[in-house]
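Worksheet for the structure shown next.
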Amino acid sequence: MFTGIVEEVGEVVDLVHNDDVVALTVRGERAVEVGHGDSVAVNGCCLTAVRPPGRGEMRVELVPETLKRTSLGALRPGSRVNLERALRADGRLDGHIVQGHVDGIATLVGRTPGERSDEVRFSLPAELSRYVVEKGSIAVDGVSLTVAALHPDGFGVALIPTTLADTTLGSLHPGDPVNIEVDVIAKYVERLSGGYTRSELER
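Those letters in the sequence shown? Residues 2 to 204, per the numbering used here, in order.
So, in structure tokens, the structure goes:
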């Protein structure tokens with residue numbers, strides 16, 4: 002589990018295609034602390050570190066399901082990525098509950114820069130819109146954010162100076178894809194209540 006509080010921005014070193022698996026190597030200061038088998042969120046996608054290649058670098062593997070469901074297939078050497086190690090059981094949940102299970106890909110459709118902060122608008126796949134509420138939580142490329150506004154085809158967030166400086170969201174341009182994870186609690190509530198009819202609830 003993760004919190005959506007990005008620990009650092011890493012850099013993609015290389016991508017190696019081996020049949021249907023892509024081995025992705027990322028460089029970062031915290032990479033030395035990631036061991037074989039550890040979970041790490043890369044742009045909000047929970048991945049497993051495999052045999053770290055060297056000090057300051059880590060390697061993860063992307064299978065077809067990951068490439069299909071996330072924006073990681075668009076990464077290239079030099080791409081910057083948000084990194085977060087898995088939450089320790091005795092850690093503080095400063096963001097919100099983030100599983101690292103990407104629900105879909107959205108697109109940045111516009112941003113309005115302020116003097117120090119930005120208002121940013123993203124598209125949202127129609128099948129995910131029911132899980133997003135104003136002032137609720139959402140993870141965008143692994144960053145825990147508060148939904149500031151809802152739109153017919155998406156949502157808006159306000160990015161504080163720290164988020165702009167310490168994550169990749171500050172360098173996004175209109176048209177760039179991002180990974181979206183909606184609030185897992187909303188999905189469980191929908192699933193658990195799906196077996197009840199209105200008459201049963203009114204008993």
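C-beta: ideal position from N, C-alpha, C; glycine also.
Between Q100 and V144, the alpha-carbon positions lie close to 12 angstroms from each other.
DSSP places I6 in the coil class of the three-state scheme, outside both helix and strand. At least 7 angstroms separates the beta-carbon of T4 from that of N83. Rounded to the nearest whole angstrom, the CA to CA distance from V134 to I98 is 16 angstroms. Non-local C-beta neighbours of G92 in its own chain, meaning closer than 7 angstroms and more than five positions away in sequence, are absent.
Distances from the CA of M59 to each of L173, E120 and G38 were compared; the closest alpha carbon is that of G38. Nearest neighbour of V158 by Cα position, chosen from E12, R122, P178 and L25, turns out to be R122.
Where S130 is concerned, there is no enclosing alpha helix (DSSP H), because DSSP gives it neither an H nor an E. Per the coordinates, the alpha-carbon of G137 lies some 23 angstroms from the alpha-carbon of R117. In the three-state scheme derived from DSSP, where H, G and I count as helix and E and B as strand, G155 is classed as strand. The DSSP-derived three-state label of E85 is strand. Look at the region 162-204 and you find these whole runs of alpha helix (DSSP H), each 4 residues long or longer: 162-167, 185-194 and 199-202. E12 and R81 have their C-alpha atoms spaced approximately 5 angstroms apart. Here the alpha carbon of E120 sits roughly 19 angstroms from the alpha carbon of I6. Ranking V14, S72, Y197 and D177 by CA distance to the CA of L109 puts D177 first. Judged by DSSP in its simplified three-state form, G101 adopts coil rather than helix or strand.
Across the structure, R77 and P162 are spaced so that their CA atoms are roughly 27 angstroms apart.
Contact between the region 28-42 and the region 63-73 is absent: fewer than three C-beta pairs spanning the two stretches fall below 8 angstroms. Going by beta carbons, R31 and E8 fall inside the 7 angstroms limit. In this structure D104 touches V183 by the C-beta definition: roughly 5 angstroms separates them, less than 8 angstroms.
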